[in-house]
Amino acid sequence: MRISFHTTGLPAAAAAAAVMYGLLAGPTGHAAGAGAEGALPGIAMSERSARQLGLHEGAILEIAAGATGPWLRVRLARVYRPTLYPSELALRTVDVRLHLPDLQALEGGADEVDSIVVRLRRPAQANVVAARLNAAALGFRAYTSADLARRNSSTFEVIARFHRAISAVSILASSVFLLAIMTLRGEGLRRQVGLMRLVGISRASVAGTVLLIATGVALLGSAVGIGLGYAVSAAINGYYRRLFDTTLVFSQITPALLADVAGLSVMLGVAAGALTAWRLLRQPPLRQIGR
């Protein structure tokens, strides 16, 4: 097995190496000190990788581009916590970062990179910059981060569609449930509605009362659902963050989502209330009170 390298957009011309666990030599058991060890090349390693290998800052180890060497003696100068892409969560490779000259010396090549990450001062101009770079025809292809996300997130698009389908079924089921509740509530209000109409209360006032009750029931259900959603979201984030040892957000409830939920609840409440009011008001008042 060989170590696979890929360059990254680190400051100070740093590069990254994905190191298989079986190719990484163990630490010598002491920190770098004076003399030769003090001049060893420094590397950075992700927090998860360092914990898996039992390493700490200052540990001395050897790495190579292949199982047969040559081996490079290095010092672990920094343990960092990277921001992982969702597609990288299940990877179990050891993430090591070296300065570019050290990486070139280790790999035996120079002036070769697989990819370069450029951070713009004005991210809104990413498409323009990518188009200008591609038009230069210098032997590379430039992509924006949004382009790369679309190219590498087909699996997540499928999951998103599945979630949308579940949402549609949930909305349909909740609509039926709300209609059933209002039907039962309407049966309970039949006598009261008949008495209200007999004492001269207008049909519009009766219908408005029924609509208000239905909307209140829908909003109350939404409030309970939002609270349950926050609890489930917190549980999902807590579990998967511990499982993958990451700070990524797996479940998020946004203000826009809350606004959609509230608006949909009002619409469903008004629709259920209107149907219930229509069923109540189409009957004569005397029949509603049982005569």
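Residue 1218 is where the sequence shown starts when you use my numbering, and the numbers rise one by one after that.
Glycine included, C-beta positions come from ideal geometry on N, C-alpha and C.
Considering only their Cβ atoms, is the gap separating residue j from residue i smaller than 8 Å?
i       : j       : result
Ala1494 : Val1427 : yes
Glu1264 : Val1313 : no
Ala1424 : Leu1498 : yes
Ala1382 : Thr1361 : no
Thr1432 : Gly1486 : yes
Leu1301 : Leu1278 : no
Ala1489 : Leu1395 : yes
Pro1502 : Leu1415 : yes
Leu1289 : Leu1323 : yes
Arg1496 : Gly1438 : no
Ile1418 : Gly1446 : no
Just checking my contact of residue i with residue j at CB under 8 Å: how many whole Å lie between their CB atoms?
i       : j       : result
Ala1435 : Val1483 : 7 Å
Ile1260 : Val1291 : 5 Å
Ile1443 : Val1478 : 6 Å
With distances taken Cα to Cα, identify the nearest neighbour of residue i among the options.
i       : options                               : result
Leu1465 : Leu1270, Ile1453, Thr1285 and Leu1323 : Ile1453
Thr1463 : Thr1432, Val1291 and Pro1299          : Pro1299
Phe1467 : Ala1473, Arg1458 and Leu1474          : Arg1458
His1316 : Gly1417, Leu1257 and Pro1472          : Leu1257
Using the DSSP secondary-structure output, state which residues sit across from residue i in a beta bridge.
i       : result
Ala1261 : Arg1295 and Arg1314
Glu1279 : Arg1290
Any idea if residue i is buried or exposed, counting beta-carbon neighbours within 10 angstroms, 16 or more meaning buried?
i       : result
Gly1405 : exposed
Val1311 : buried
Ile1388 : exposed
Arg1504 : exposed
Val1410 : buried
Ser1266 : buried
Gly1356 : exposed
Ile1280 : buried
Asp1319 : buried
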